[in-house]
Amino acid sequence: MISSVVRAEKTCNFLAFIIILFNTSVVKTTHLRILVVYPISKKDEEVSEAFLSAAELNNYEEKGWIVPKWEFPQELISEMREEYKALLERNSNLSPDIMMAPHQTQGGSMGVIGSDKWLDFATHPAAMTIARQLIGPDIILWGTTIFGKPPQNGKETPWHQDGFYYPIKPLDVLTLWIPLDDVTPENGPMKFIPGSHKTRKIFSHSWQEGKDKTINMVCDSEHLDLVNAEPLIIRAGQMSFHDVYIIHSSQANLTHRRRAAFVVRLMPASSFYDHKLGLEIGRKHPLQGYGERPLYLVSGDDKAGNNFEIGHLN
Ligand SMILES: O=C(O)CCC(=O)C(=O)O
Numbered sequence: 025m026i027s028s029v030v031r032a033e034k035t036c037n038f039l040a041f042i043i044i045l046f047n048t049s050v051v052k053t054t055h056l057r058i059l060v061v062y063p064i065s066k067k068d069e070e071v072s073e074a075f076l077s078a079a080e081l082n083n084y085e086e087k088g089w090i091v092p093k094w095e096f097p098q099e100l101i102s103e104m105r106e107e108y109k110a111l112l113e114r115n116s117n118l119s120p121d122i123m124m125a126p127h128q129t130q131g132g133s134m135g136v137i138g139s140d141k142w143l144d145f146a147t148h149p150a151a152m153t154i155a156r157q158l159i160g161p162d163i164i165l166w167g168t169t170i171f172g173k174p175p176q177n178g179k180e181t182p183w184h185q186d187g188f189y190y191p192i193k194p195l196d197v198l199t200l201w202i203p204l205d206d207v208t209p210e211n212g213p214m215k216f217i218p219g220s221h222k223t224r225k226i227f228s229h230s231w232q233e234g235k236d237k238t239i240n241m242v243c244d245s246e247h248l249d250l251v252n253a254e255p256l257i258i259r260a261g262q263m264s265f266h267d268v269y270i271i272h273s274s275q276a277n278l279t280h281r282r283r284a285a286f287v288v289r290l291m292p293a294s295s296f297y298d299h300k301l302g303l304e305i306g307r308k309h310p311l312q313g314y315g316e317r318p319l320y321l322v323s324g325d326d327k328a329g330n331n332f333e334i335g336h337l338n
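Using the working numbering, the final residue of the sequence shown is 338, and nothing's skipped along the way.
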């Protein structure tokens, strides 16, 4: 009896393996077949302690961002810091102020030589549990960035809406922002204008020259209700999630303490990532590499015919 159960389990495991093999993607080329890991894994486990309450969800709706009560374990934050140290060492030719796609091992749009570990950090089951509450069960990861804000001369990120550049239709993106260091009022915290996401409109932005900025397209001043702006003061371990339409910024870091943050861009898999439009945007903003972004289905199913082959060089 026991042995037949064991045998049945083994058969199931084998079948599950075959299903996973065919569900994940086998890329066909003319002369060889390469197994690539996309979707990397469908992190469909739930972490019940991470669930946002109805009041927290309401707060997110009202303000446009949320800091959940669930925190990353400090050991994981230490691991992220170690990985960041290694990333900086591997890419010592690049500016740490903004490093795009640290999860791409062969260099994303900025040529950053990253590692898979960032995909694991980005798709932590607790963070995915919260993300599902905010943008639904089907989720694609389409970008990561590290804003390094090094001490003394960490660049500012001027007022902007994330969605200004994004080739995503309909536009809907959730940003997960994970500080690797404690954020203080002095070391360049993000600042949000509460409720500025509510019109679900992208406001006008204009180019502002300057090498002291991580981005140069800046939201025009008539849209900025600066009196009500709120800083995001959180410890390493905490995280925030923000809406694609919210107007936000962060000032320069002139202190002696670094304020690095790992940023993850997630979209509902009911939206379409338009790589062709991304290429066009890329003609004006080449460093963003929107035409070649690899997509990773990290929860549920794709509902919009997205392309999971483009950009997967790894
Ligand atoms: O980390 C920062 O200072 C800026 C981050 C940001 O603007 C974003 O994640 O959208």
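Ideal Cβ positions, reconstructed from N, Cα and C, are used throughout, including at glycine.
Mind checking which residues open and close the beta strand (DSSP E) that includes residue i?
{"i": "D267", "result": "S264 to D267"}
{"i": "H280", "result": "Per DSSP, H280 belongs to no beta strand (DSSP E) and is neither H nor E."}
{"i": "P203", "result": "L198 to P203"}
{"i": "T168", "result": "I163 to F171"}
{"i": "T181", "result": "T181 to Q185"}
{"i": "S323", "result": "Y320 to S323"}
Mark residue i as exposed unless 16 or more other C-beta atoms lie within 10 angstroms of its C-beta, in which case mark it buried.
{"i": "T181", "result": "buried"}
{"i": "R283", "result": "buried"}
{"i": "G329", "result": "exposed"}
{"i": "Q232", "result": "exposed"}
{"i": "N211", "result": "buried"}
{"i": "N82", "result": "exposed"}
{"i": "N277", "result": "buried"}
{"i": "E107", "result": "buried"}
{"i": "T153", "result": "buried"}
{"i": "L337", "result": "exposed"}
{"i": "T223", "result": "exposed"}
{"i": "Q98", "result": "exposed"}
{"i": "L311", "result": "exposed"}
{"i": "S294", "result": "buried"}
{"i": "S323", "result": "buried"}
{"i": "D186", "result": "buried"}
{"i": "P194", "result": "exposed"}
{"i": "D121", "result": "buried"}
{"i": "K300", "result": "exposed"}
{"i": "P191", "result": "buried"}
{"i": "D196", "result": "buried"}
{"i": "G302", "result": "buried"}
{"i": "G234", "result": "exposed"}
{"i": "Q262", "result": "buried"}
{"i": "K93", "result": "exposed"}
{"i": "P318", "result": "buried"}
From the DSSP output, read off the bridge partner residues of residue i.
{"i": "V251", "result": "None, per the DSSP bridge assignment."}
{"i": "V207", "result": "Beta-bridge pairing links V207 to no other residue."}
{"i": "I90", "result": "F265"}
{"i": "S273", "result": "K215"}
{"i": "K237", "result": "E180"}
{"i": "I122", "result": "The partner list for I122 (beta bridge, DSSP) is empty, contrary to what the question assumes."}
{"i": "F286", "result": "I170 and I202"}
{"i": "P292", "result": "I163"}
{"i": "I192", "result": "Y297"}
{"i": "V242", "result": "S230"}
{"i": "A260", "result": "Q262"}
Using a threshold of 6 Å, is the CB atom of residue i nearer than that to any non-hydrogen atom of ligand 3?
{"i": "A285", "result": "Annotation note on ligand 3: not contained in the displayed structure, which lists ligand 1 as its ligands."}
How far does the alpha helix (DSSP H) with residue i in it reach, from first residue to last?
{"i": "M134", "result": "Per DSSP, M134 belongs to no alpha helix (DSSP H) and is neither H nor E."}
{"i": "Q98", "result": "Q98 to R114"}
{"i": "F227", "result": "No alpha helix (DSSP H) holds F227; DSSP gives it neither H nor E."}
{"i": "P149", "result": "P149 to I159"}
{"i": "K300", "result": "H299 to K308"}
{"i": "F145", "result": "K141 to A146"}
Chain B beta carbons: is any one of them nearer than 7 Å to that of residue i?
{"i": "H127", "result": "In the structure shown, chain B cannot be found, because there is only a single protein chain."}
Does the pairing of the segment 248 to 261 with the segment 198 to 208 give three or more beta-carbon distances under 8 Å? yes
Count Cβ pairs between the segment 261 to 272 and the segment 131 to 147 that sit closer than 8 Å; are there 3 or more? no
Do the segment 301 to 314 and the segment 221 to 235 meet, that is, are 3 or more Cβ pairs less than 8 Å apart? no
Should the segment 232 to 250 be called in touch with the segment 146 to 165, which here means at least 3 C-beta pairs below 8 Å? no
Is the number of C-beta pairs between the segment 163 to 174 and the segment 279 to 295 that are closer than 8 Å three or more? yes
Answer yes if the segment 74 to 94 comes into contact with the segment 123 to 142, meaning at least three C-beta pairs across the two stretches below 8 Å, and no otherwise. no
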